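Enquirer:
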Amino acid sequence: MAKRSKFRRIGISTGGGDCPGLNAVIRGVTKPALDYGLTVFGILDGFEGLVEGKSIELYNKDVSGILSTGGTILGSSNKGDPFHWPEEVNGKIKIVDRSKEAIKNYEAWNLDAVIAVGGDGTMHITNKLAQMGMNVVGVPKTIDNDLEATDQTFGHDSAVFVVTEALDRLHTTASSHHRVMVIEVMGRYAGWIALNGGLAGGADVILIPEIPFDWKAIYEKLLMRNMLGKRFSIVCVAEGAKPIDGKLIVKCKDIKRSDPVQLGGIGEYVAKKINEDTRLETRYTVLGHLQRGGSPTPYDRILATKFGTNAIQLAIKRDFGRMVALKGSEIKNVKIIDAISRQKLVKTNDQAVLACHAVGVSFGTEKL
Ligand code: F6P
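Quick note: the sequence shown uses our numbering, first residue 3, plus one each step.
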């Protein structure tokens, strides 16, 4: 017998770059919602579906067996910002505001609330839609782990797992060929993936955006290892890392996105410089979207399920405008507006940074 609730219809959307664990959240929201007798609308392709009126009703069979699958059964998009909508006019891209259409569809579908799963971009949009009258609950996701309001976002652990495995593989070939191997990882303006992946995978040098690096310090570390008979080295570089007095390397810009900048290229640049300046044979690998694909780790499945099941409870209690968050070992919630006020960056006294120093990892700088 279904439990009674005044609540009738709930929407759920997954926006921004995908990550492992999104399906676990969808399942974590939908199963209890159906149990409460709610109708669940899966909004397709993030907020794009809300603007264009694309949604599907979710039943138990739709969310069965998806806990372990990567990606999102609802689709996602990082070009579907209703307030920054790219429209092609005479072969040119014009940015228009379609937020009123998003609200119209929300009302036409008779939704009591929308659970928005996404990173900081999605939370900014969610907050603006809330100001226009939409009832919202946020669920934080991103492999980058750069949301201050939660101790961890799901997706991050899975990305770190991929980086660690890649580093293990690079170690064996680096050692056989006595090479320096540079690996470029994601993370945008935060160094969490490089830091945690580099620490777990035994990198010798970790370069992150928060600690601008000095070429000389990197060369000294690599040449010293060589002198000590360790004839290979691993350098793990975050896509947003940059040298002191150097610039961020931007691969391209796409004005269709709310944040047009696409990072990429620092791995190749670092490898080329090391090769030229030290004469140590160097190769580079760009891990790219492998970090976002595949099955979520057990940690991410658990966190995502806890986030989903807590989010639906908040919605049913009509506690809107809030985002679920991990605080220590408990799921709490914070105001979305507070959650988006600050980005979480790596601090130089972070325990992972200190642990790296203690085992001799270089950040391409003097010891901090
Ligand atoms: O925010 C997640 C993320 O994977 C970043 O680490 C990366 O910079 C970006 O998204 C890549 O975006 P896209 O998939 O649009 O290339």
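Backbone N, C-alpha and C define an ideal beta-carbon position, used for all residues, glycine too. This one's a predicted model, so the numbers in the text were calculated from it and none came from an experiment.
CB of His158 to nearest heavy atom of ligand 3: below 8 Å?
Expert: No copy of ligand 3 occurs in the structure displayed; its ligands are ligand 1 alone.
Enquirer: Going by C-alpha distance, which of Val31, Gly73, Val42, Gly13 is nearest Arg294?
Expert: Gly73
Enquirer: How would you call Thr284, buried or exposed, if buried means at least 16 neighbouring beta carbons within 10 angstroms?
Expert: buried
Enquirer: Please go through the segment 17–95 and give each complete alpha helix (DSSP H) segment of 4 or more residues, from N-terminal end onward.
Expert: The DSSP assignment places complete alpha helix (DSSP H) segments of no fewer than 4 residues inside the segment 17–95 at 24–37, 49–54, 62–65, in order along the chain.
Enquirer: Alpha carbon to alpha carbon, how far is Glu241 from Gly290? Give it in angstroms, no decimals.
Expert: 10 Å
Enquirer: So is the beta-carbon of His86 under 8 Å away from any non-hydrogen atom of ligand 1?
Expert: no
Enquirer: Closest by CA to Gly193, which one among Ser260, His86, Ile145?
Expert: The shortest Cα separation from Gly193 among Ser260, His86, Ile145 belongs to Ile145.
Enquirer: Tyr286 by DSSP, collapsed to three states: which one?
Expert: Judged by DSSP in its simplified three-state form, Tyr286 adopts strand.
Enquirer: Within its chain, find whatever has a CB closer than 7 Å to the CB of Leu328; leave out the 5 residues flanking it on each side and keep chain order.
Expert: Excluding residues within five positions, the ones whose Cβ falls inside 7 Å are Thr152, Asp153, Gln154, Leu305.
Enquirer: So Arg324 is in the beta strand (DSSP E); what residue range does that whole segment cover?
Expert: 324–329
Enquirer: Do you know how far the Cα of Ile95 is from the Cα of Ile28?
Expert: Each residue's alpha carbon lies about 33 Å from the other.
Enquirer: Mark Thr128 as exposed unless 16 or more other C-beta atoms lie within 10 angstroms of its C-beta, in which case mark it buried.
Expert: buried
Enquirer: Classify Leu113: buried if its beta carbon has 16 or more other beta carbons within 10 angstroms, exposed otherwise.
Expert: buried
Enquirer: Sort Gly366, Thr32, Gly323 by Cα distance to Glu42 and report the nearest one.
Expert: At residue 42 the sequence reads Val, which differs from the Glu that was named. Considering only alpha carbons, the answer is Thr32.
Enquirer: Would you report the Cα separation of Thr311 and Val355, rounded to the nearest angstrom?
Expert: 33 Å
Enquirer: Report the residue from Ile195, Leu149, Lys232, Asp247 whose alpha carbon sits nearest the alpha carbon of Trp217.
Expert: Put simply, of Ile195, Leu149, Lys232, Asp247 the residue whose alpha carbon is nearest the alpha carbon of Trp217 is Asp247.
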